[in-house]
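Trainee: Right, I'll just put the structure down here and ask away after.
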Amino acid sequence: MTLFARLFGIEKKPDPLRPLYDSIVAVGRDPSWYRDGAVPDTLDGRFDMIAAVLALVLLRMEDVDATPESVRLTETFIADMDGSMRQIGIGDLMVGKHVGRMMGALGGRLAAFRAAAAGSLREPVLRNIFDEAPPAPEALDFVTAGLERFRSALQATPAEALLAGKVAMP
């Protein structure tokens, strides 16, 4: 507890969805995406993978009617992205604009993955991760297959386990 919190009796409650968000980030940062899938190991490439994984989790949360939790998870994502931008030196006046673009990108992934439903994620992966400039076919296949396996694993994950953050790459 910080001195300020002790002086003023402010107690920060732990975020029950933090383990889920941390799991999403861990899946999105898995080195195999960048090594074997040729996802650019850049800020944009890492954002693309974390946003893709988050979109799949949010779609699963829709299936289990976890709307309040999905809103809180999205807020956690926004706070993390806001903090990351400030950490790399983006000024206060530009952070909001960047966050707006990031939310638009997340919304685009949600729409693309929702439209793919149980079908192939190849086209959404191509558009949303590689910006239609695909790597070698093997790398595109690797990322597509990995996200499809992750989506299948999410579908088999009970709601309680999902909300507790028990998600990982199969």
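Using the working numbering, the first residue of the sequence shown is number 117, and each one after it goes up by one.
Glycine residues also receive a C-beta, built at the ideal position from the N, C-alpha and C atoms.
1. Buried or exposed for R217, going by 16 or more other Cβ atoms inside 10 Å?
2. With a cut-off of 8 Å, do at least 3 Cβ pairs link the segment 226–241 to the segment 180–196?
3. Starting from M177 and walking both ways along the alpha helix (DSSP H), at which residues does that stretch end?
4. Looking at the secondary structure, which residues open and close the alpha helix (DSSP H) in which A272 lies?
5. What would DSSP say about A233, mapped onto helix, strand or coil?
6. Confirm, please, whether the CB-CB distance from G262 to S139 is below 7 Å.
7. With C-beta atoms as the reference, is L256 less than 7 Å away from R176?
8. Measure the C-alpha to C-alpha separation of M285 and F258 and round it to an integer number of angstroms.
9. Relative to the C-alpha of Y137, which candidate in G161, P184, I166 has its C-alpha closest?
10. Buried or exposed for L159, going by 16 or more other Cβ atoms inside 10 Å?
11. Give the C-beta separation of F246 and V169 to the nearest angstrom, bearing in mind that I take them to be a contact with Cβ-Cβ under 8 Å.
12. Taking the CB atoms as reference points, tell me whether L242 and P250 lie closer together than 7 Å.
13. Suppose the cutoff is 6 Å on Cβ atoms and the five residues either side in sequence are ignored; what does the same chain contact list for G153 look like?
14. At which residues does the alpha helix (DSSP H) containing P135 begin and terminate?
15. So L133 packs on L279, CB below 8 Å; how close in whole Å?
16. Can you tell me which of S148, F163, R151 puts its alpha carbon nearest to the alpha carbon of D196?
Mentor: Let me lay it out:
1. Taking the first residue of the sequence shown as position 1, residue 217 is located at position 101. Label assigned to R217: exposed.
2. no
3. Against the sequence shown, residue 177 aligns to sequence position 61. That run of the alpha helix (DSSP H) goes 159–179.
4. The residue given as residue 272 occupies position 156 in the sequence shown. Counting along the chain, A272 falls outside any alpha helix (DSSP H), and DSSP gives it neither H nor E.
5. Stepping through the sequence shown from its first residue, residue 233 is reached at position 117. Three-state DSSP puts A233 in coil, outside helix and strand.
6. Within the sequence shown, numbered from 1, the residue matching residue 139 stands at position 23. Within the sequence shown, numbered from 1, the residue matching residue 262 stands at position 146. Not closer than 7 Å, so no.
7. Mapped onto the sequence shown, residue 256 falls at position 140. Mapped onto the sequence shown, residue 176 falls at position 60. In this structure, R176 does not lie closer than 7 Å to L256 by Cβ.
8. Taking the sequence shown and counting its residues from 1, the one referred to as residue 285 is at position 169. Taking the sequence shown and counting its residues from 1, the one referred to as residue 258 is at position 142. Each residue's alpha carbon lies about 13 Å from the other.
9. Taking the sequence shown and counting its residues from 1, one reaches residue 137 at position 21. Cα-wise, what sits closest to Y137 is I166.
10. Taking the first residue of the sequence shown as 1, we reach residue 159 at position 43. So L159 ends up on the exposed side.
11. By 1-based counting over the sequence shown, the position of residue 246 is 130. By 1-based counting over the sequence shown, the position of residue 169 is 53. Incorrect: roughly 16 Å between the Cβ atoms, too far for contact.
12. Walking along the sequence shown from the start, residue 242 turns up at place 126. Walking along the sequence shown from the start, residue 250 turns up at place 134. Result yes, Cβ atoms of L242 and P250 sit closer than 7 Å.
13. For this step, residue 153 is matched to residue 37 along the sequence shown. Excluding residues within five positions, the ones whose Cβ falls inside 6 Å are A255, F258, V259.
14. If you number the sequence shown from 1, residue 135 lands on position 19. It spans 134–144 - the alpha helix (DSSP H) in which P135 sits, taken as one unbroken run.
15. Here residue 133 refers to the residue found at position 17 of the sequence shown. Here residue 279 refers to the residue found at position 163 of the sequence shown. L133 to L279, Cβ: 7 Å. Contact.
16. To locate residue 196, count along the sequence shown from 1; it is residue 80. Checking every option, the nearest Cα to that of D196 belongs to F163.
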